[in-house]
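To convert, take the position in the sequence shown, counting from 1, and add 35; that gives the working numbering.
Each residue gets a CB set at the ideal place from its N, CA and C atoms; glycine is no exception.
All figures in this text were calculated on a predicted structure; none of them were measured in a lab.
Have a look at the structure below before the remarks.
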Amino acid sequence: MLDSGELSRYSRNILLSGVGRAGQERLKSASVLVIGAGGLGSPVLLYLAAAGVGKLRFLENDSLDVTNLQRQILYNSQDVGAAKGEVARKKLQALNPSIEVDWRAERFQASNAQEALKGMDLVIETTDSIPAKFLTNDASFFARVPSLIGGILRFHGTVIAPGFSKSIVGRPCYRCLFPGPPSEDAVPTCADAGVLGAMAGMVGSAMAAEALKILLGLGKPLSGHLIQFEMLESRFRAIPFAADPNCPLCGTSPSIHDLRDESQSMEGSFLDRLPSGSDLSS
Ligand SMILES: [Zn+2]
């Protein structure tokens with residue numbers, strides 16, 4: 036039940052058609068795992084905390100570098116050198132003291148992925164690690180938890196939503212688009228190629244809004260689509276992608292049966308299969 040303080044705090048949510056008190060209570064009882072609290076993770080965590088998602092768990096084990104401040108809006112100049120997770124946890128808890136914020140100072144790996152996903156309704160991947168995107172995909176597929184996977188680079192952004200329905204979770208999946216990680220030099224990082232800081236806000240906010248849609252059961256889910264943001268062309272589009280029967284994870288004769296840590300240098304046909312103009316690293 037929502038108390039009077041919560042009814043005031045969330046009044047602009049509750050007014051929305053399709054949300055109401057019941058929807059807000061649904062958010063209060065929801066649990067979301069966010070992998071990373073950087074450029075994309077900042078708006079994702081801030082908006083989900085503000086919206087009243089009852090339990091936010093996030094994994095982050097970096098300390099804040101001065102170069103992060105250009106886009107990672109959870110942090111201030113005085114936080115440089117501090118553990119990002121500790122700063123983020125305090126900030127999120129200050130924004131909304133009534134939610135539970137569970138920070139884990141861990142990297143997302145095959146060894147802790149299952150435990151991190153336990154009890155979660157949704158997992159949102161926001162890091163600059165390609166192996167973490169594959170692991171999120173695989174872990175959410177095995178745990179039957181819907182996922183959103185994001186990336187930004189230069190003036191581009193992408194959100195990929197593996198498919199889910201009542202009966203099937205995780206098909207089509209990220210590996211239907213990209214069977215394995217690209218070679219290391221195939222995908223530049225923000226540290227190599229730069230990124231417009233506002234892209235983190237744009238793409239992260241889209242991920243947060245999609246997450247709220249999923250938790251509330253509102254509208255048409257992005258499920259089985261990717262959204263491309265091409266800022267220089269002012270072009271934003273949602274593109275469906277199909278399940279690949281030969282997918283090593285969700286295909287008809289899968290070769291992946293448990294969680295693994297991919298190495299970034301494993302060969303793959305990554306860029307060839309990506310719809311033109313998008314990049315998947317942040
Ligand atoms: Zn697949």
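- Counting only the Cα atoms, residue 192 lies some 5 Å from residue 264.
- Inter-residue distance for residue 53 and residue 63 is about 16 Å (C-alpha atoms, whole angstroms).
- Rounded to whole angstroms, residue 129 and residue 80 show a C-alpha spacing of 13 Å.
- Cβ-Cβ separation between residue 155 and residue 66: approximately 5 Å, consistent with a contact (criterion under 8 Å).
- Residue pairing from DSSP places residue 137 in a beta bridge opposite 92.
- Burial of residue 234 is indicated by the presence of at least 16 other C-beta atoms within 10 angstroms of its C-beta.
- One Cα belongs to residue 49, the other to residue 176, and the distance between them is close to 32 Å.
- Excluding five sequence positions before and after residue 147, the CB atoms of its chain that fall closer than 7 Å to its own CB belong to 141, given in chain order.
- In this structure, residue 172 sits away from residue 132, with a CB-CB distance that is not shorter than 8 Å.
- Comparing C-alpha distances from residue 139 to each of 86, 115, 71 shows the shortest one belongs to 71.
- Here the C-alpha atom of residue 159 lies approximately 11 Å from the C-alpha atom of residue 91.
- In this structure, residue 277 has its CB at a distance of at least 7 Å from all heavy atoms of ligand 1.
- Across the structure, residue 283 and residue 174 are spaced so that their CA atoms are roughly 14 Å apart.
- Residue 213 and residue 39 have their C-alpha atoms some 48 Å from each other.
- By the criterion of a C-beta distance shorter than 8 Å, residue 108 is surrounded in its chain by 77, 78, 81, 235, 236, once the five residues flanking it on both sides are discounted.
- Per the coordinates, the alpha-carbon of residue 202 lies some 47 Å from the alpha-carbon of residue 112.
- When secondary structure is reduced to three states using DSSP, residue 186 falls in the strand class.
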